[in-house]
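Q: Once you've had a glance at the structure underneath, I'll fire off some questions.
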Amino acid sequence: QVQLVESGGGVVQPGGSLRLSCAFSGRTSPPFRMGWFRQAPGKEREFIAQIYWNGGRTTYADSLKGRFTISRDTVKNAIDLQMTNLASEDTAVYYCAATDSAYAYDYWGQGTQVTVSS
Numbered sequence: 013q014v015q016l017v018e019s020g021g022g023v024v025q026p027g028g029s030l031r032l033s034c035a036f037s038g039r040t041s042p043p044f045r046m047g048w049f050r051q052a053p054g055k056e057r058e059f060i061a062q063i064y065w066n067g068g069r070t071t072y073a074d075s076l077k078g079r080f081t082i083s084r085d086t087v088k089n090a091i092d093l094q095m096t097n098l099a100s101e102d103t104a105v106y107y108c109a110a111t112d113s114a115y116a117y118d119y120w121g122q123g124t125q126v127t128v129s130s
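One rule links them: number in my numbering = place in the sequence shown (from 1) + 12.
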């Protein structure tokens, strides 16, 4: 069983940056794949980015590529999401997810709130 704990959320002004982290625990071997999603009020959950632990290959949602960067820390057993040039539309609960499969994500964090507001 994998446990995921996100951190780093908060309130940021438009144009600002924020870095989220997600640490996994519960076993010694890392998940096959980890990712970030978000869900804004009244909207469906949206894929942001994912990273394959072995090799570090990444994929991004086209609409967010260039502003958001996913990375992994093999020492801390965590992934990060660096977000830049944030706008009000980025306000959402951000979730970390992990899986050992090539398909659906099996494990989810509790989410961390990001609010972009002046």
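All C-beta atoms in this analysis are idealised placements derived from N, C-alpha and C, irrespective of residue type, glycine included.
It should be emphasised that the depicted structure is a prediction, and the values quoted were computed from it without experimental measurement.
#1: Helix or strand or just coil, what does DSSP make of residue 56?
#2: Please report the straight-line C-alpha distance between residue 31 and residue 80, rounded to a whole angstrom.
#3: Based on Cα-Cα distance, which residue from 115, 23, 13 lies nearest to residue 98?
#4: Give me the Cα-Cα distance between residue 77 and residue 121, rounded to the nearest whole angstrom.
#5: I'd like to know whether the C-beta atoms of residue 26 and residue 128 end up nearer to each other than 7 Å.
#6: DSSP state of residue 102, grouped into three classes?
#7: Please classify residue 117: is it buried, with 16 or more other beta-carbons within 10 angstroms of its beta-carbon, or exposed?
#8: Which residue or residues does DSSP assign as beta-bridge partners of residue 72?
#9: How many angstroms separate the CA atom of residue 94 from the CA atom of residue 29?
A: Working from what's here:
#1: coil
#2: 9 Å
#3: 23
#4: 23 Å
#5: yes
#6: helix
#7: buried
#8: 61
#9: 7 Å
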